[in-house]
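Encoded as structure tokens, the structure appears first; notes follow it.
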Amino acid sequence: MPVDQGLAELSDNLLFVATLCYVVAMLGYAAEFAFGRRAPRTATALPPIAGGSVDTLPAGVGSGELSGRRTSRRSWAGGVGRASVAVTVLGWGLHVGSVVTRGLSVDRVPWGNMYEYSSVLALAAVSTFLFLLTRQPIRYLGALVMLPVVVQLGIASTALYAPAKPLIPALNSYWLKIHTSAAVLSSGIFMFAFAATVLYLVKDRSERRTGGSSRGALGHLPAAAAIDRVAYRTTAFAFPIWTFAVIAGAIWAGEAWGKYWQWDPKETWAFITWVVYAGYLHARATAGWKGRRAAIVGVVGFVALMFCYYGVNIWIPGLHSYADI
Amino acid sequence: MSEPTLTERADAADVALASGRLSTAESVRGDVDSTVGVRPPGVPLLRRGWRQLTSMSTALVLLFLLALAAVPGSLLPQRTALNPVPVSSYYAEHPSLAPILDRMGLFDVYSSLWFYTIYGLLAVSLVGCLTPRLRLHAKAMRARPPAPPRNLSRLPVSTSFTVDAPPTEVAAAAHRLLRRGRWRTDRRTADEGASVAAEKGYLRESGNLLFHVALLGLLAAVAYGSLYSYRGQFSVIEGRGFTNAAPLYDIMPTGGQRLSADDLVPFTIALDDFRASYFDNGQPTDFHALVRWAPRVGEPERTRDIRVNHPLAVGGAKVYLMGHGFAPRFVVKDKGGKVVYDDYRIFLPQEGTNEVGVGVLKVPNGVRPQVGMEAAIFPTLTIDRTEGFFYSSSPEPKRPGLSYRIYQGDLRLGVSAQNDFSLDKRGLLPVKDGTLLPGETVTLDNGTTVTFAELREYAVFQTTRDPGARPALVASVCALAGLVASLFVRRRRVWVRATGTGGGTVVSVGGLARHDPDSFRPEFDDLAADLRRALGAAADRPTDPPQQHRTEE
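Chains as they are written, first to last, in my numbering: chain A, 1 to 325; chain B, 326 to 878.
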């Protein structure tokens with residue numbers, strides 16, 4: 001099976017430019033966050049939020065310029081924010097192009113090694129952000145979402161870079177499409193949720209200190225509870241997908257290795273990640289765990305997820321070690 | 326601010342009552358700390374312990390302990406893996422630390438007592454939580470939707486309008502409409518009019534319960550599987566066969582304690598051809614093991630191509646292609662030309678060498694002194710002229726060659742511990758080395774000849790049988806379905822009340838969303854509009870625009 005070097009090169013270049021776009025957008029979001037003016041409190045209604053959740057917000061608390069389109073129209077910071085979204089969309093388009101051309105160059109799904117997987121994971125995180133942005137004003141999350149995305153792509157293009165190659169036989173299965181795509185999609189959404197969780201913790205801390213109304217740049221943010229809700233909903237959405245990925249992985253393991261579960265390090269860490277996120281979902285509905293403690297569990301879940309990916313692939317030899325670096 | 330009036334307070338209580346018990350979870354798994362003080366001091370210790378164990382906080386702690394307990398197993402070598410070598414090499418590297426870790430069960434984390442304890446406690450806690458919830462939910466499923474609160478306009482979303490139709494007709498229409506929307510409804514008539522109470526989203530709690538019950542089922546399936554499953558490895562050389570019996574395995578079937586020899590599925594398998602294909606750079610593309618097999622000895626044979634990811638299923642067991650290698654055939658004759666040895670030897674492939682295999686030949690009988698040989702098989706024998714060593718330039722057997730060293734003396738068979746792949750050289754002297762191509766013969770000083778007669782490939786298969794696998798899969802799929810329902814189904818209540826007055830019937834509609842109130846508003850507005858249209862009140866202006874205030878929970 002020949003590799004189309006021209007396409008592979010195009011893919012690498014597209015990814016490079018996409019990463020640059022994300023860096024620019026990240027700086028833009030950060031600038032908007034830092035220099036944006038605080039909007040009058042009454043000006044914006046609460047963001048309508050889709051999805052399912054147990055809790056709601058105290059009405060009309062601290063939603064500011066970053067979350068409202070109307071009030072930010074006049075300030076230059078708002079302009080920077082909107083421009084950042086445009087740059088993100090541009091980067092996203094190039095990123096999609098990169099993933100597609102990579103797949104075409106080797107005539108298979110473009111997540112056969114760590115370089116490709118990292119790229120698709122970052123793409124899933126950015127897609128989640130852009131998709132939610134069409135439904136609710138969450139531009140304030142931009143910088144925090146772009147940061148892990150850029151770091152991820154940076155690592156992928158340097159340390160993890162692998163030239164386009166066909167698959168080894170062990171990976172050559174339709175389960176690669178099913179299991180890995182579910183894993184990468186849920187990981188990307190978890191990455192987005194992680195950004196929201198971190199921001200919630202920061203905002204919550206400042207609200208506690210100032211007794212409800214945080215000052216400075218944090219004052220631009222919506223209420224901690226609203227950020228928490230974004231974090232919860234995305235996590236709750238990603239969790240069943242992750243569950244499916246683990247089940248599909250077990251089925252594939254049964255097909256390929258003859259045992260659906262053998263506590264291979266990758267399986268173990270997928271399990272740990274699952275358990276911690278399950279803990280997060282329960283904690284969020286439990287008295288004494290709601291809020292900060294639950295959010296910290298969510299952060300731990302993401303750390304476990306990242307270890308499941310980077311740590312296990314790089315440091316621990318196991319049956320998944322064919323996913324070469 | 327004035328104090329709320331009595332009616333207002335009663336209304337608030339009414340709404341709280343109406344919204345109550347939408348979920349059974351909180352009422353069952355309450356916060357322990359807040360309830361402990363309420364109970365009389367005479368509560369038996371056991372009962373208190375049980376409550377503590379089944380509380381959500383305890384379940385959470387157990388969940389995190391389980392995650393934590395799983396960590397060391399991913400960092401230290403485990404015996405559960407088929408390959409026991411890593412544990413023994415860990416022993417060799419850390420001679421003082423290893424026994425301590427071993428005593429703590431750290432080389433068998435997932436079958437250690439403390440791991441079982443954690444998940445056992447978690448299972449008990451889950452049962453303790455689920456039992457009352459199942460009961461409550463079963464009751465809720467049978468119960469009528471709760472009666473409408475006194476004042477529907479105090480609900481988070483509400484509207485009202487006036488129609489000409491009498492109250493009973495309004496209730497009937499509302500009932501029809503709600504039934505069509507798959508609401509669970511309950512019609513009531515009172516002196517002043519009629520009302521319909523409706524509720525939907527029971528599936529959320531059903532899904533939640535299904536998820537947790539399925540997890541228990543998964544645990545049971547795993548436990549069952551670990552008692553009755555087995556796994557073993559065997560090799561078959563091209564042109565030869567294998568019958569599924571314990572002594573014929575390279576790695577003996579290991580499995581649950583309840584496994585006996587009778588549990589081995591009595592299949593036979595013969596390898597006709599093994600094919601490996603590679604890219605030019607030596608990366609493998611595919612492996613095929615073309616086999617003839619029968620479910621038991623004497624039954625007609627079928628053919629099959631076993632590949633990686635495509636196992637052969639036979640009578641509840643599965644046969645997987647795990648590896649392959651080369652097996653040279655050696656013919657050894659004494660000086661009179663009598664054949665004293667003629668067989669294939671399995672050579673073990675060495676990683677990262679283009680499938681170079683190493684192995685030994687031992688000829689204990691028919692020749693004096695005994696003959697031993699160490700050899701390496703090179704699929705494509707290539708000689709590095711400048712350095713003077715052999716290597717294989719391709720994993721494919723394009724130009725196979727053997728490099729060997731022959732020993733004579735005492736093989737010490739039965740005297741020292743040795744396996745099929747090593748020589749005990751203490752009683753042996755090297756007498757000859759060199760290379761052989763297929764068909765070539767080397768003659769030793771005493772007239773003994775060793776011929777590299779032929780080269781074949783062999784395939785390594787793994788047999789597994791796990792009767793718990795299918796139940797585990799069913800349980801996992803149920804868990805996933807339950808999970809999705811428990812996260813995404815939304816629970817709502819709607820009430821319609823029709824009250825007859827002098828100028829027509831006042832229809833008031835109110836709704837309450839337990840989950841995701843934002844998406845409920847448009848849903849509710851549609852419902853109210855449909856009802857108005859059904860009652861022919863399209864021309865009517867609503868007396869009260871749809872309320873837009875939020876739920877406070």
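For every residue, glycine included, the Cβ atom is placed at its ideal position computed from N, Cα and C.
The structure presented is a predicted model; accordingly, all values stated were derived computationally and were not measured.
Given that V633 (chain B) touches chain A, what residues does it touch there, using C-beta distances under 7 Å? Against V633 (chain B), the close residues of chain A are P169, A170, A256, in the order they occur along the chain (beta-carbon pairs closer than 7 Å).
Using beta-carbon positions only, say whether Y603 (chain B) and F786 (chain B) come within less than 8 Å of one another. No, these two residues do not count as a Cβ contact at 8 Å.
Going by DSSP, which residues form a beta bridge with W618 (chain B)? In the DSSP output, where bridge partners are listed per residue, W618 (chain B) has B:I594, B:R627.
Q670 (chain B) versus B:P369, B:E765, B:S747, B:F715, residue with shortest Cα-Cα distance: In the sequence on display, residue 670 (chain B) carries Arg and not Gln. In terms of CA proximity to R670 (chain B), B:S747 leads the group B:P369, B:E765, B:S747, B:F715.
Secondary structure at E699 (chain B), three-state DSSP: helix, strand or coil? The answer is strand: DSSP assigns E699 (chain B) an E or B state.
Cut-off 7 Å between Cβ atoms - residues of its own chain near V149 (chain A), not counting five sequence neighbours on either side: Y22, A122, A125, V126
Going along chain B in order, which residues have a C-beta closer than 9 Å to the C-beta of W263 (chain A)? A395, G398, S399, Q403, T405, A406, V434, Y435
For Y280 (chain A), the first and last residue of its enclosing alpha helix (DSSP H): Unbroken alpha helix (DSSP H) run through Y280 (chain A): 265–283.
Mind checking if S450 (chain B) is an interface residue toward chain A, Cβ cutoff 8 Å exclusive? No, S450 (chain B) does not count as interfacial toward chain A.
What does the alpha-carbon distance come out to for the pair N13 (chain A) and L390 (chain B)? Using only the alpha carbons, I get a separation of about 45 Å.
Anything in the region 521–532 of chain B with a Cβ closer than 8 Å to a Cβ of chain A? List those residues in chain order, please. Under the 8 Å Cβ criterion, the region 521–532 of chain B contributes no residue.
Taking its Cβ as the centre, do 16 or more other Cβ atoms sit within 10 Å of V821 (chain B), making it buried, or is it exposed? Label assigned to V821 (chain B): buried.
Where the region 601–628 of chain B meets chain A: residues whose CB sits under 8 Å from a CB there: F604, Q608, P609, T610, D611, F612
Mind checking S53 (chain A): buried by the 16 CB within 10 Å criterion, or exposed? Low local confidence applies: a pLDDT of 38 at S53 (chain A) is under 50, so the model's placement there is unreliable, with the coordinate-based value given in what follows. That one is buried.
Kindly provide the ranges of any alpha helix (DSSP H) runs that are 4 or more residues long and lie completely inside the region 105–180 of chain A, ordered along the chain. 114–133, 142–157
Taking the beta strand (DSSP E) that D843 (chain B) belongs to, which residues open and close that run? Note, D843 (chain B): premise wrong, no beta strand (DSSP E); alpha helix (DSSP H) at 842–859.
F302 (chain A) versus chain B: which residues are under 7 Å apart at the beta carbon? Against F302 (chain A), chain B offers no close residue; the least beta-carbon distance is about 13 Å (beta-carbon pairs closer than 7 Å).
Can you find a C-beta in chain A that's less than 8 Å from the C-beta of Q787 (chain B)? yes
C-beta atoms of P792 (chain B) and G550 (chain B) nearer than 8 Å: Taking C-beta atoms as the reference points, P792 (chain B) and G550 (chain B) count as a pair closer than 8 Å.
Here's a check: name, in chain order, each residue in its chain whose Cβ is nearer than 8 Å to the Cβ of L57 (chain A), leaving out the five neighbours to either side. In this prediction, L57 (chain A) scores a pLDDT of 37, lower than 50, which makes its location untrustworthy; no coordinate-derived value is stated.
Neighbourhood of W289 (chain A) by C-beta, 7 Å cutoff - its chain only, sequence neighbours within 5 removed: A283
Proximal residues of chain A, C-beta to C-beta of L391 (chain B) below 8 Å: V275
Identify every residue that forms a DSSP beta bridge with F559 (chain B). B:F786
Are the Cβ atoms of L477 (chain B) and V834 (chain B) separated by less than 8 Å? yes
Of the residues A:W269, A:E116, A:V96, A:S75, the one placed nearest Y161 (chain A), counting alpha carbons only: A:E116
By Cβ distance, which residues of its chain are closer than 6 Å to I316 (chain A), with the 5 residues on each side in sequence left out? P265
For Y309 (chain A), the three-state DSSP class (helix, strand or coil): helix
Taking the straight line between their C-alpha atoms, what separation do you get for V439 (chain B) and L426 (chain B)? Contrary to the premise, residue 439 (chain B) reads as Trp rather than Val in this sequence. Rounded to whole angstroms, W439 (chain B) to L426 (chain B) spans 13 Å at the Cα level.
Any idea if W76 (chain A) is buried or exposed, counting beta-carbon neighbours within 10 angstroms, 16 or more meaning buried? exposed
Chain A contact residues for Y645 (chain B), given Cβ-Cβ distances below 8 Å: A256, W257, G258
Let me check understanding here. Comparing Cα to Cα, which of B:P609, B:E530, B:H613, B:K723 lies closest to H462 (chain B)? B:E530
Could you tell me which of B:R724, B:P720, B:S718, B:V756 sits nearest to G734 (chain B), measuring between CA atoms? B:V756
Is there a Cβ of chain A sitting closer than 8 Å to that of A465 (chain B), yes or no? For A465 (chain B), the answer is no, since every Cβ of chain A falls outside 8 Å of its Cβ.
Kindly give me the distance between the Cβ atoms of Y783 (chain B) and E563 (chain B), rounded to whole angstroms, as I take these residues to be in contact under 8 Å. 7 Å
How about V54 (chain A): is its C-beta nearer than 8 Å to some C-beta of chain B? With a pLDDT of 34 at V54 (chain A), under the threshold of 50, the modelled position of this residue cannot be trusted; read the value that follows with caution. Closer than 8 Å to some Cβ of chain B, the Cβ of V54 (chain A) qualifies, so yes.
Provide the residue(s) that pair with Y603 (chain B) in DSSP beta bridges, ordered along the chain. B:P609
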